[in-house]
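First comes the structure, then the notes that go with it.
Protein chains: 2
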Amino acid sequence: MGMNRYRFSRRAEVLGKSVYDHASGVIMLSVGSAYPPILPDLSREAASSAQGYLAEVMQYGPLMGLPELRETIAAYVSEDSVECNAENVLITNGAKHATDLACRVFTEAGDKIIVTAPTYMTTLQCLRSHNLDIVAIPQDDDGLRTDLLEQRLETMRANAETLPKLLFDVPDFHNPTGITMSLERRKHLLRLSEQFGFVILEDDPYRRIRFEGEAIAPIKSMDQNGMVVAIGTVSKILAPGLRIGWAIGAPEIVRRMALQKSDGGSCPFTQRLVIEAIRSNKLHEHIEIVTKTMRTHRDAMIDALAEFLPDAKVRRPQGGYFLWAELPKGVSGDALAAEAVSHGVEIGSGRLCFPVEDPGNFLRFSYSYVDPETIREGIRRLGDAYRKIAG
Amino acid sequence: MGMNRYRFSRRAEVLGKSVYDHASGVIMLSVGSAYPPILPDLSREAASSAQGYLAEVMQYGPLMGLPELRETIAAYVSEDSVECNAENVLITNGAKHATDLACRVFTEAGDKIIVTAPTYMTTLQCLRSHNLDIVAIPQDDDGLRTDLLEQRLETMRANAETLPKLLFDVPDFHNPTGITMSLERRKHLLRLSEQFGFVILEDDPYRRIRFEGEAIAPIKSMDQNGMVVAIGTVSKILAPGLRIGWAIGAPEIVRRMALQKSDGGSCPFTQRLVIEAIRSNKLHEHIEIVTKTMRTHRDAMIDALAEFLPDAKVRRPQGGYFLWAELPKGVSGDALAAEAVSHGVEIGSGRLCFPVEDPGNFLRFSYSYVDPETIREGIRRLGDAYRKIAG
């Protein structure tokens with residue numbers, strides 16, 4: 028049999044078959060992984076859970092998640108003024124899983140979903156796998172341009188087009204731009220969701236990692252009509268390896284999401300570890316450690332960019348893991364990312380984050396994974412690469 | 028806003044929003060959960076992994092799974108003459124997850140998939156969520172009637188219909204019937220898959236739980252042309268709570284499946300626990316314990332059915348977790364299952380396992396979850412319920 032032995036689906040062709048391997052032996056300024064030196068040692072919790080909760084952690088867990096974790100998460104988000112009960116909380120295998128389940132529950136192939144341009148690249152892959160029609164709305168320093176969104180929606184309505192079913196955004200320390208959406212924009216967005224009938228997926232992995240400035244109320248905290256599904260995860264605040272996230276929304280939404288799960292319920296063992304880490308205050312202590320560490324990483328990267336890549340326009344994020352840079356017009360992010368690898372540093376081309384048209388001259392950085400000195404060395408190498416291709 | 032505030036997808040309407048709650052305070056003869064008294068204590072492995080492999084288990088893992096686990100699983104299945112390498116192995120969050128990923132990679136809504144009638148009810152839910160056209164083929168004591176399948180496929184071809192892309196079956200100790208497919212049928216099925224171009228999903232969670240008789244070679248072990256994706260899990264042989272399964276197939280298939288994952292890679296912590304449990308021989312020891320225990324459970328259920336429900340025709344499974352019974356014509360499995368709950372025992376109506384037409388008079392039992400004495404008491408109660416509705 029030849030090369031066409033298999034009849035793959037459209038979504039399989041869209042996502043392809045190249046499982047990404049990072050370049051080896053290079054400085055990684057491209058991945059939002061946890062900083063290894065501060066990963067939490069949960070060996071005590073692991074041992075006591077495996078023994079003390081044996082019948083819970085080794086057995087199938089409930090499809091919605093452990094009741095105790097659902098209550099614990101409801102209490103956790105109430106610290107951000109999100110008022111909800113356990114019945115609103117679905118436990119997932121990380122935040123991406125929640126986004127995927129929401130797409131399953133709301134969309135058919137061809138349906139519209141609104142995102143910022145640029146947006147989180149892995150979400151784009153997910154949306155593409157659902158063959159969705161992506162409506163891209165620009166951002167400025169206050170976040171998604173809700174005025175432009177409103178115009179766009181009104182035009183759609185005037186033309187009797189099908190309106191979008193979903194909107195995806197990361198309002199706090201946006202991935203990849205680091206922008207935090209203003210309170211006014213959040214309120215406007217919520218009004219638009221009610222007016223035009225789309226559900227907001229408020230993906231909020233970085234909210235607690237704030238270096239400076241005042242926190243802004245989550246959209247979910249203002250949601251009176253069940254238009255928002257708030258998505259969270261412990262990946263950025265405790266440990267990605269636990270694969271525990273959540274979705275918070277109207278019971279009729281989150282229950283439907285649960286029924287679309289193919290995991291037979293999320294892992295009860297790592298759910299129990301999260302309960303124990305929250306109870307013992309380890310999570311909150313860890314958030315402080317992560318915040319302090321990420322601040323020094325951000326500062327190191329901002330300083331190094333000013334020194335070694337002064338041509339780039341950089342937006343200083345007030346929190347989170349990511350930084351976004353604009354190169355002079357005509358300098359290709361793709362070309363620079365490729366050249367950078369041969370100089371021993373991996374960064375992301377902005378292209379991966381643009382849903383439709385790529386302006387071509389953007390870069391995405393993460394400062395989470397390597398130490399400040401290595402960040403500096405990586406940006407120095409990037410500066411060399413830049414001079415080679417731009418000079 | 029009214030009840031129609033949300034515009035759900037077709038698949039969301041198909042699966043609904045009722046997260047199933049088991050009746051409380053009743054004897055559960057309906058769930059394939061692990062027998063609690065023999066769940067493994069992995070506290071030592073958990074503590075040493077959380078400490079000794081901290082940077083691995085708390086960080087994001089590779090999308091395909093930990094390389095060491097992929098090698099370990101390749102070695103594990105080689106004990107069943109399945110020859111493969113790590114590159115053929117994708118780690119998933121249990122077996123259902125693998126089935127779902129295969130559907131994502133191969134099918135569009137409306138595509139055909141072949142299953143036995145009856146088949147595993149949770150797989151049916153998954154196939155329905157993909158809006159697939161389910162082709163149901165009867166079974167006999169030798170498993171799927173490949174002769175009938177061949178006729179059906181030839182008719183489809185003669186009528187220029189689109190041929191099925193996938194076949195799903197559980198050849199060893201079939202869920203729910205307990206049937207094991209004969210070697211001859213396995214070979215015939217493999218020939219048909221090559222001739223008609225469908226991929227076989229060989230779901231094999233129970234293979235190692237054999238009480239008596241000789242093992243029959245997995246279809247995957249005879250697969251020369253990459254037509255089979257073998258699906259496995261530790262749920263039935265070690266612990267469901269770990270949520271670790273796998274798919275073994277051609278690299279171009281399993282890589283595509285990996286790219287459809289929405290979990291950001293399966294949990295590295297529980298993957299590491301599986302590696303440690305296999306290395307220390309705990310898995311193989313546990314398989315012996317499970318097999319011995321499930322044999323006594325099966326015997327207790329068979330004996331109790333003969334005593335309290337002699338009207339039922341029961342097939343004696345040579346392994347696995349499930350037992351299937353035929354009631355006299357005209358006695359409704361649905362009615363008996365409902366009546367049984369009010370007598371304090373939960374069993375499954377066969378209807379849940381039939382993809383298309385339900386003959387109406389079948390029951391599905393699992394003997395895995397409760398002890399032999401409780402099994403006997405449950406079947407005694409079932410006998411009372413039966414006499415009430417049939418007498």
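Line order of the protein sequences matches chains A and B. To get the numbering used here, take the position in the first sequence, counting from 1, and add 27. To get the numbering used here, take the position in the second sequence, counting from 1, and add 27. We put the CB at the ideal spot given by N, CA and C, even for glycine.
Taking residue 93(A) as the centre and dropping the five residues before and after it, the same chain places the C-beta of 83, 118, 295, 298, 299, 302 closer than 8 angstroms to its C-beta, in chain order. Take the alpha-carbon of residue 171(B) and the one of residue 165(B): they are about 6 angstroms apart.
When the beta-carbon positions are compared, residue 140(B) and residue 194(B) come within less than 8 angstroms of each other.
Given a length threshold of 3 residues, each whole run of the beta strand (DSSP E) inside the region 191–262 of chain B is given here in chain order: 193–196, 226–230, 255–260. One Cα belongs to residue 244(B), the other to residue 309(B), and the distance between them is close to 24 angstroms. Boundaries of the alpha helix (DSSP H) around residue 100(B): 94–105. Apart from the 5 residues on each side of it in sequence, residue 360(B) sits with its Cβ closer than 7 angstroms to the Cβ of 354, 376, 377, 378, 387, 388, 389, 390 in its chain, given in chain order. Shown here, residue 173(A) sits in a helix according to DSSP, grouped into three states. Contact between the region 109–129 of chain B and the region 92–107 of chain A is absent, with fewer than three C-beta pairs closer than 8 angstroms. Beta-bridge partners assigned by DSSP to residue 393(B): 349(B). With a 10 Å radius around the Cβ and a threshold of 16 neighbouring Cβ atoms, residue 327(B) comes out buried. Secondary structure note for residue 189(B): it is in no beta strand (DSSP E), with a DSSP letter that is neither H nor E. Annotation: residue 264(A) is outside any beta strand (DSSP E) and is labelled neither H nor E by DSSP. By alpha-carbon distance to residue 403(A), the top candidate from 372(A), 40(A), 65(A) is 372(A). For residue 349(A), none of the residues of chain B pass the 9 angstroms Cβ criterion, the least Cβ distance being about 15 angstroms. Secondary structure of residue 136(B) (DSSP, three-state): coil. Any Cβ of chain B closer than 8 angstroms to the Cβ of residue 111(A) would place that residue at the interface, and such an atom is absent. Between the region 46–54 of chain A and the region 39–59 of chain B there are fewer than three C-beta pairs closer than 8 angstroms, too few to call the two in contact. Within the region 146–171 of chain B, the residues whose Cβ lies closer than 9 angstroms to any Cβ of chain A are, in chain order, 149, 152, 153, 156.
Under the three-state reduction of DSSP output, residue 142(B) falls in the strand class. Residue 307(B) has a beta carbon lying at 8 angstroms or more from every beta carbon in chain A. When the Cα atoms are used, residue 247(B) and residue 229(B) turn out to be separated by approximately 7 angstroms. Boundaries of the alpha helix (DSSP H) harbouring residue 327(A): 309–335, taken from the DSSP string.
The C-alpha of residue 167(A) lies about 19 angstroms from the C-alpha of residue 148(A). The beta carbon of residue 249(A) does not come within 8 angstroms of any beta carbon belonging to chain B, so the residue lies off that interface. The C-alpha of residue 313(A) lies about 20 angstroms from the C-alpha of residue 344(A).
Under the three-state reduction of DSSP, residue 70(B) is assigned to helix. For residue 393(B), there are no neighbours in chain A by C-beta distance under 9 angstroms, as the nearest C-beta there is about 12 angstroms away. From the beta-carbon of residue 34(B), the residues of chain A found nearer than 8 angstroms are 133, 192, 224. Taking a Cβ-Cβ cut-off of 8 angstroms, the neighbours of residue 269(A) in chain B comprise 85, 294, 296, given in sequence order.
The beta carbon of residue 105(B) sits closer than 7 angstroms to no other beta carbon from its chain once the five residues preceding and following it are set aside.
Taking the Cα positions, residue 69(B) is about 8 angstroms away from residue 74(A). Judged by their CB atoms, residue 356(A) and residue 279(B) are not nearer to each other than the 8 angstroms cut-off. If you draw a 10 Å sphere on the C-beta of residue 350(A), you find 16 or more other C-beta atoms in it, and that means buried.
The contact set of residue 63(A) on chain B, defined by CB atoms closer than 9 angstroms, consists of 81, 82, 85, 86 in chain order.
A check of alpha carbon separations from residue 62(A) across 86(B), 39(B), 62(B), 199(B) identifies 86(B) as the nearest.
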